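Novice: This structure is in structure tokens; I'll ask about it shortly.
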Amino acid sequence: MTSASLENRASALNKQLESLDLAGRLALVDGLEGKVVFTTSLGIEDQVITAAIGSDKLGIEVSTLETGRLFNETVALIDETEETYGILIKRFYPEQDDIDAFAAKYGMNGFYDSVEARHACCGARKVKPLARALEGASFWITGLRRGQSGNRADTPFAEADLDRGLIKINPLADWDIETIRAHVESQAIPVNPLHARGYPSIGCEPCTRAIKPGESERAGRWWWENDEKRECGLHVPEAAASAIPQPTPLASSPLTGDEAR
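Counting from 1, position 59 in the sequence shown corresponds to residue 189 in the working numbering; the numbering is continuous, with no gaps.
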């Protein structure tokens, strides 16, 4: 599909999705031709989407990026969510040689020292595993919302991702956090206990803090950087992938648990 046709299809789909509720939006995408993948970070928005997919028995593949440095609460929630909704959440890990190459160049926690190093870490632990999670996908569902940050204020329901050659679907684009919380409570959806401790947006443990009164939802992510529009490279093209040090040509293996810490 050409870039123009992908953009035209995304534009038409955006208009269709606008008038539907969450269940209708997901059902519409589930009925389209092509592989549909939802990537969850186990945040409160993503839990709403996962609950809808599981409850309605949709054929949407649910995946997560197990970076090796997630909070223990986040890892535990993966198992709880699978059990609650009877679904499989596919876990995609970084490759050991990528982590070794990063540590050799920057140090294991070198992401604190420069934006370049942080992009490289996100590239190894998130961007490259995402590429594997989205292999063969025509549609990528995310939990992006307009209220999460100024950088996401214009998030559409559907948009062309020309770099990946697919259409990104954001079914909660118009939901505010109050609506999200009310829905979670009414549907008894399991959520990360860190939300109640001041973490509205949760990523890797070393890179996430609780927010302060008056701060935006994503202020606790990479808080040591000054750029208010900071992202990891999954949704806003940055230097993440290109900054990854090239590993030595050794056999790679996925990381598990403490190996990545």
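Cβ atoms here follow ideal geometry from the backbone N, Cα and C, with glycine treated the same way.
On a predicted model such as this, the values are computed, not experimentally measured, just so you know.
Quick one: residues in its chain with C-beta nearer than 7 angstroms to the C-beta of Leu274, no 5 flanking neighbours on either side, listed in chain order?
Specialist: Excluding positions up to five away in sequence, the list reads Arg282, Thr285, Asn300, Ala303 and His365.
Novice: Counting only beta-carbon atoms, is Phe232 nearer than 8 angstroms to chain B?
Specialist: The displayed structure is made up of one protein chain only, and chain B is not part of it.
Novice: Do His313 and Val178 have their C-beta atoms within less than 8 angstroms of each other?
Specialist: Going by C-beta atoms, His313 is nearer than 8 angstroms to Val178.
Novice: Is the separation between the beta-carbon of Gly216 and that of Gly184 shorter than 8 angstroms?
Specialist: Contact: yes.
Novice: Are three or more beta carbon pairs between the stretch 202-212 and the stretch 264-272 nearer than 8 angstroms?
Specialist: Taking 8 angstroms as the limit for Cβ pairs, the verdict is that the stretch 264-272 does not touch the stretch 202-212.
Novice: Would you check if the distance between the CB atom of Asn138 and the CB atom of Ala288 is smaller than 8 angstroms?
Specialist: No.
Novice: Return yes when the Cβ of Gly333 is within less than 8 angstroms of the Cβ of Ala340, no when it is not.
Specialist: Their beta carbons are not under 8 angstroms apart, which means Ala340 does not touch Gly333 by this criterion.
Novice: Grab the span of the beta strand (DSSP E) containing Ser193 for me, first residue to last.
Specialist: Taken as a continuous stretch (DSSP letters only), the beta strand (DSSP E) holding Ser193 covers Glu191 to Leu195.
Novice: Please state whether DSSP places Glu289 in a helix, a strand or coil.
Specialist: Residue state, collapsed to three classes: strand.
Novice: By alpha-carbon positions, which one of Lys220, Lys258 and Ala134 ends up nearest to Thr180?
Specialist: Of Lys220, Lys258 and Ala134, the residue nearest in Cα terms is Lys220.
Novice: As a quick exercise: from Ile190, Thr170 and Ser141, pick the residue whose alpha carbon is nearest that of Leu156.
Specialist: Nearest option by C-alpha distance: Ile190.
Novice: My understanding is that Val166 touches Ser193, with C-beta atoms under 8 angstroms, so please give their C-beta distance in whole angstroms.
Specialist: Between Ser193 and Val166 the Cβ distance is about 11 angstroms, and since that is not below 8 angstroms, they are no contact.
Novice: With distances taken from CA atoms, which of Trp354, Ala250 and Ile319 is nearest Ala234?
Specialist: The candidate whose alpha carbon is nearest that of Ala234 is Ala250.
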